[in-house]
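Using my numbering, read the sequence shown as starting at 509 and increasing by one per residue.
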Amino acid sequence: MRTQPTPAHPAPTEHRVLNPATEELLATVPASTPQDVDAAVRRAAAAQPAWAALPPGDRARLLRRFATVVDEHLEELARLEVREAGHPVSAARWEAGNVRDLLDYAAGGVERLTGHQIPVAGGVNITFQEPLGTVAVIAPWNFPMPIAAWGSAPALAAGNAVLLKPAETTPLTALRLAELALAAGLPEGLFQVLPGAGSVAGAALVDHPGVAKVVFTGSTAVGKSIMAACAEQVKRVTLELGGKSPNIVFADADLAQAAAAAPGSFLDNAGQDCCARSRILVQADVYDDFMARLEPAVHAFTCGDPTEAGTSMGPLISAAQRERVRSYVTEDAPAAIRGTAPQGKGFWYPATVLERDPQDRAAVEEVFGPVAVVVPFRDEEDAVRLANATPYGLSGSIWTRDVSRALRMSRAVAAGNLSVNSHASVRYWTPFGGFKQSGLGRELGPDALAAFTETKNVFLSA
Ligand code: NAP
Ligand code: MG
509 MRTQPTPAHP APTEHRVLNP ATEELLATVP ASTPQDVDAA VRRAAAAQPA
559 WAALPPGDRA RLLRRFATVV DEHLEELARL EVREAGHPVS AARWEAGNVR
609 DLLDYAAGGV ERLTGHQIPV AGGVNITFQE PLGTVAVIAP WNFPMPIAAW
659 GSAPALAAGN AVLLKPAETT PLTALRLAEL ALAAGLPEGL FQVLPGAGSV
709 AGAALVDHPG VAKVVFTGST AVGKSIMAAC AEQVKRVTLE LGGKSPNIVF
759 ADADLAQAAA AAPGSFLDNA GQDCCARSRI LVQADVYDDF MARLEPAVHA
809 FTCGDPTEAG TSMGPLISAA QRERVRSYVT EDAPAAIRGT APQGKGFWYP
859 ATVLERDPQD RAAVEEVFGP VAVVVPFRDE EDAVRLANAT PYGLSGSIWT
909 RDVSRALRMS RAVAAGNLSV NSHASVRYWT PFGGFKQSGL GRELGPDALA
959 AFTETKNVFL SA
């Protein structure tokens, strides 16, 4: 991962951005080189001290203005997301709105970034939350806009400069956000976007001594290599990685509601969601009943043209991702439920529900496509055992009418984000992150800014 490209395999100097619904070329974007990264780090270092020194109210006001400018361009940003990521337009509007809300929420934290006064003998003890300096945000293609903002907005609010590396496949909304930041009056150099390859631009950010922290969202494999590389400089790191989250349906649940909600939990964003509830665990007593109800619900989740308002699910991001997803759906064991998808151009893949044993590859690995595996369980103990039999621990849902069971399960399932009788797990004002190999640290929520500061303790003898 640390190696620079050899002359035999030169890094591309630009990236082709395709519309995944049509395969048409949208743009070619220059690929940042390690030299570009170095120049950007220098610009960030020049801009950051004045930003950190601004009166808190002024820094907050500039971020609120950035939020307003994003809001004024909401439809444009949403349409760009539809074109480059294939997200249904309704989802893309929510995503652009999420960027606005994150900036607003982070702006509200600037004046609240308080320290402590701690009683000591012989003087006064106070703490400060100092900015780190320059933060790198390495974003994936599955939610290009929100995930870019999850890292960038609180990092900026806490007084840092931000260098954002979007995924090669989805750089366009990030590049537009950088323009909007300047239009809103953020200083030059403070928020820069560096499109390019992860192995080149991403690795250069991770290795650069001028970058104090890396916020990475993406695959667990790359996350581990970034964590290892950060260790070299004891660089701060936040990781949001993969998941294989359970949707646990008990016999005492409202089955109609559980079945109606299940498709969205693994088909939203065509399953390219780290929180996807891709393991549906159903109590054996109601297994057949649940499957009978799930089938029409899956068919009602329409897959098609993402520009149309009624579409629930668009294409996958790329041909490579579709091949990856396909590899989990082997011919020898047919799917229990199969939706439909458009034919022809575009990286389409239909909703697929598999009945597999818990050791099957499709039940163990993160598929990152519209594929769920259903597994029966006996009792509560069995449900906990199955739910936790994974190196991941990001999200999960529990469906039951028994409040005590809901609480017992919520404590027993080892995951960072659980929902009871719901699949909602992401709000900009509640903490988000993974247990085990799903990540390290938390984003969003009331403590989001603190993750972009160092606590400094000062004792004044008096
Ligand atoms: P990935 O390689 O982990 O990419 C995530 C981001 O990291 C991209 O911006 C990527 O750049 C960058 N990157 C890649 N290698 C890097 C390196 N050595 N140093 C620094 N940055 C680096 O994910 P992917 O290849 O796009 O997707 C592969 C699989 O990962 C998916 O099928 C899915 O299972 C999982 N995934 C999970 C999430 C999640 O939210 N949990 C998100 C995305 C993917 P490039 O664009 O150049 O690759
Ligand atoms: Mg990759």
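From the three backbone atoms N, C-alpha and C, an ideal C-beta is built for every residue, glycine too. If you're wondering where the values come from, they're calculated on a predicted model, not measured in any experiment.
Should residue 782 be listed as close to the ligand NAP, given that the test is whether its C-beta is under 7 Å from any heavy atom?
In this structure, the C-beta of residue 782 approaches the ligand NAP to less than 7 Å from one of its heavy atoms.
Give me whichever residues DSSP pairs with residue 850 in a beta bridge.
According to DSSP, which records beta bridges pairwise, residue 850 is partnered with nothing at all.
On a Cα-Cα basis, can you pick out the residue from 829, 924, 679 and 844 that is closest to residue 971?
Examination of residue 971 is not possible in this model, given that the chain is present from 509 through 970 alone.
Are the beta-carbon atoms of residue 757 and residue 791 separated by less than 8 Å?
The beta carbons of residue 757 and residue 791 sit closer together than 8 Å.
On the three-state DSSP scale, how would you describe residue 510?
Residue placement at residue 510 is poorly supported in this model, since its pLDDT is 46, which falls under 50; the coordinates still yield a value, given next. Residue 510 sits in coil when the DSSP states are folded into three classes, being neither helix nor strand.
What do you get for residue 788, buried or exposed, if any count of 16 or more other CB atoms within 10 angstroms of its CB means buried?
The residue is buried, with at least 16 neighbouring Cβ atoms inside 10 Å.
Confirm the yes/no value for this check: CB of residue 594, any heavy atom of the ligand MG, distance under 7 Å.
False, no ligand heavy atom lies under 7 Å from that Cβ.
List in chain order: all unbroken beta strand (DSSP E) runs of 3+ residues lying wholly within the segment 532 to 573.
Entirely contained in the segment 532 to 573, the beta strand (DSSP E) runs reaching 3 residues are, in chain order, 533 to 538.
Classify residue 905: buried if its beta carbon has 16 or more other beta carbons within 10 angstroms, exposed otherwise.
So residue 905 ends up on the buried side.
Residue 638 by DSSP, collapsed to three states: which one?
Residue state, collapsed to three classes: strand.
Starting from the C-beta of residue 590, find all residues in its chain whose C-beta is less than 7 Å away, skip the five residues before and the five after it, and write them out in chain order.
Taking C-beta separations shorter than 7 Å and ignoring five residues to either side along the sequence, the partners of residue 590 in its chain run 597, 600, 814 and 815, following chain order.
List the endpoints of the continuous alpha helix (DSSP H) containing residue 683.
In the DSSP assignment, residue 683 falls within the alpha helix (DSSP H) that extends over 680 to 691.
Where does residue 523 fall in DSSP's three states?
Looking at residue 523 - three-state DSSP - the assignment turns out to be strand.
Expressed to the nearest angstrom, what Euclidean distance is found between the alpha-carbon atoms of residue 926 and residue 641?
Taking the straight line from one Cα to the other gives about 33 Å.
How about residue 597: is its Cβ closer than 7 Å to a heavy atom in the ligand MG?
Outside the cutoff, so no.
Answer yes or no: do residue 582 and residue 616 have a C-beta to C-beta separation smaller than 8 Å?
The Cβ atoms of residue 582 and residue 616 do not sit closer than 8 Å to each other.
Which runs of the beta strand (DSSP E), 3 residues or longer, sit entirely within the segment 851 to 930?
Given a length threshold of 3 residues, each whole run of the beta strand (DSSP E) inside the segment 851 to 930 is given here in chain order: 860 to 863, 879 to 885, 903 to 907 and 925 to 928.
Would you give the residue range spanned by the beta strand (DSSP E) that residue 669 belongs to?
Counting along the chain, the unbroken beta strand (DSSP E) around residue 669 starts and ends at 669 to 673.
With a threshold of 7 Å (Cβ to nearest heavy atom), would residue 727 be considered close to the ligand NAP?
Yes, since a heavy atom of the ligand NAP falls inside the 7 Å radius drawn around the Cβ of residue 727.
With a threshold of 7 Å (Cβ to nearest heavy atom), would residue 673 be considered close to the ligand NAP?
Indeed, a heavy atom of the ligand NAP lies less than 7 Å from the Cβ.
Limits of the unbroken beta strand (DSSP E) element including residue 945:
Neither: residue 945 is in no beta strand (DSSP E) and is coded neither H nor E.
With distances taken from CA atoms, which of 670, 884 and 769 is nearest residue 722?
Residue 722 has its Cα closest to that of 670, out of 670, 884 and 769.
Below 7 Å CB to CB, which residues in the same chain sit around residue 511 once its five sequence neighbours on both sides are set aside?
Confidence is the limiting factor: at residue 511 the pLDDT is only 46, short of 50, which leaves the residue's position unreliable and the question unanswerable from this model.
Based on the DSSP secondary-structure assignment, which residues constitute the bridge partners of residue 800?
Answer is none; residue 800 lacks a bridge partner.
6 Å Cβ shell around residue 521 - same chain, five flanking residues per side excluded:
Scanning its chain for C-beta atoms nearer than 6 Å, with the 5 sequence neighbours on each side dropped, one finds around residue 521 the residues 539, in chain order.
Hey, could you find the ends of the beta strand (DSSP E) residue 723 is sitting in?
Residue 723 -> beta strand (DSSP E) spans 721 to 725.
What is the DSSP secondary structure of residue 754, reduced to helix, strand or coil?
If DSSP states are grouped into helix, strand and coil, residue 754 belongs with the strands.
By a C-beta neighbour count over all protein chains shown, 10 Å radius and 16 as the cutoff for buried, is residue 687 buried or exposed?
Classification for residue 687: exposed.
Which residues share a DSSP beta bridge with residue 633?
Secondary-structure assignment with DSSP links residue 633 through a beta bridge to 626 and 967.
So what does residue 811 bridge to, in DSSP terms?
Residue 811 is bridged to 821.
Taking just the CA atoms, how far does residue 847 sit from residue 841?
Residue 841 and residue 847: Cα-Cα distance of roughly 16 Å.
When you measure from the CB of residue 705 to every non-hydrogen atom of the ligand NAP, does any distance come out below 7 Å?
Yes, since a heavy atom of the ligand NAP falls inside the 7 Å radius drawn around the Cβ of residue 705.
Is the segment 855 to 863 touching the segment 872 to 881 in the sense that three or more CB pairs, one from each, lie closer than 8 Å?
Taking 8 Å as the limit for Cβ pairs, the verdict is that the segment 855 to 863 does touch the segment 872 to 881.
When you compare only the Cα positions, how much space is there between residue 509 and residue 707?
For residue 509, the pLDDT reaches just 43, beneath the cut-off of 50, and the residue's location in the model is therefore unreliable, although a value from the coordinates is still provided. If you take the alpha carbons of residue 509 and residue 707, they lie about 6 Å apart.
Which of helix, strand or coil DSSP assigns to residue 748:
Residue 748: strand per DSSP, three-state reduction.
CA-to-CA distance, residue 903 to residue 610, given in whole angstroms:
Each residue's alpha carbon lies about 21 Å from the other.
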